[in-house]
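S.K.: In our numbering, the protein residues as written are -2 to 292.
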Ligand SMILES: [Zn+2]
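1. Measure the Cβ-Cβ separation of residue 217 and residue 177 and say whether it is below 8 Å.
2. With respect to the beta strand (DSSP E) encompassing residue 147, which residues constitute its N-terminal and C-terminal limits?
3. I want to check one thing, is the minimum distance from the CB of residue 244 to the heavy atoms of ligand 1 below 7 Å?
4. Would the beta-carbon of residue 139 fall within 8 Å of that of residue 116?
5. What span of residues does the alpha helix (DSSP H) with residue 140 cover, start to end?
6. DSSP three-state call for residue 98: helix, strand or coil?
7. Can you tell me which of the three DSSP states residue 212 falls into?
8. Less than 7 Å between the CB of residue 254 and some heavy atom of ligand 1, yes or no?
9. Do residue 179 and residue 119 have their beta-carbon atoms positioned less than 8 Å apart in this structure?
10. If you draw a straight line from the C-alpha of residue 223 to the C-alpha of residue 241, how long is it?
11. Tell me, please, whether the region 154 to 162 touches the region 93 to 107 by the rule of three or more beta-carbon pairs shorter than 8 Å.
12. Nearest CA to the CA of residue 143: which residue from 209, 228, 110, 292?
13. How would you call residue 232, buried or exposed, if buried means at least 16 neighbouring beta carbons within 10 angstroms?
14. Give me the Cα-Cα distance between residue 268 and residue 287, rounded to the nearest whole angstrom.
15. Could you name the residues of the same chain whose beta carbon sits closer than 6 Å to that of residue 102, not counting the 5 residues immediately before and after it, in chain order?
16. Any heavy atom of ligand 1 closer than 7 Å to the Cβ of residue 116?
17. By DSSP's criteria, residue 207 is part of a beta bridge. Which residues make up the other side?
18. Go ahead and pull the three-state DSSP assignment for residue 217.
19. Report all residues from its chain with a CB closer than 6 Å to the CB of residue 121; omit the five preceding and five following residues, and keep chain order.
20. Go through its chain and collect everything with a Cβ distance to residue 127's Cβ below 6 Å, but skip five positions before and after it.
21. Are residue 247 and residue 280 close, meaning C-beta to C-beta below 8 Å?
22. In chain order, what residues of the same chain have a beta carbon less than 6 Å from the beta carbon of residue 166, not counting five sequence neighbours either side?
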């Protein structure tokens, strides 16, 4: 459907809702202070809000979700800086837990349309050195796991907009859905991403024919510039940074948090930097959603 048709569809009904869920939080206070340097290891702390989210889904559907501001955080287990050899050891398990950020009333997970590629752009403003490589690596891994095709549309000057990002921006991107935006921010413009918040990721739902027609059409990741700068400066930082971007991409394609520490979608970092078995199952599931002729 062309833009005109889509705009008509919006007028006919239809609901767009952004699901920028799951603020992902670092907790510097809980980090072991074995080194005097501020680059000492510290955990990634992520909200354990999936159960609450699931229980309250009916009540909050359609809202812009900043669940992190509404629910208490659990303390993270301090990272132990495992030897590099441990970072890439895959789990031998083939099954594990996964969760969806949103499901339709009939229970289908909301996903991207696998028959259309997911375009993405990166805003390089305030991007830490080395971060582009990390983003590309993370996208490659998530693309492989989901079988969703990602297309790099290059750089953008679009600033992060965590509250009201237009899903279509014809002047900037042409007559199509805006690409997924990956941007860097800090506490000044967006208090929700900065300080000990590592990032936020999510996607916008388009429901041209009611809730059962829900699919994601664009998304956004905002990453904490200061945190990534620190992470990427230290040895082994690439793997940790990549894991955070993969976690946020997991949210973009529709996964929520799980509590199993083997999973990247877990609420606590345990030194795990590769996809766990549940991550892989979940990513394969959200990559196998329905195709929509009217996306
Ligand atoms: Zn998260």
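Yeah, the Cβ is synthetic: ideal placement off N, Cα and C, and Gly gets one too.
Quick caveat, the model's predicted, so the values are computed rather than measured.
M.R.: Once the coordinates are examined:
1. yes
2. 147 to 152
3. yes
4. no
5. 128 to 143
6. coil
7. strand
8. yes
9. yes
10. 14 Å
11. no
12. 110
13. exposed
14. 35 Å
15. 208
16. no
17. 205
18. strand
19. 152
20. 229
21. yes
22. 175
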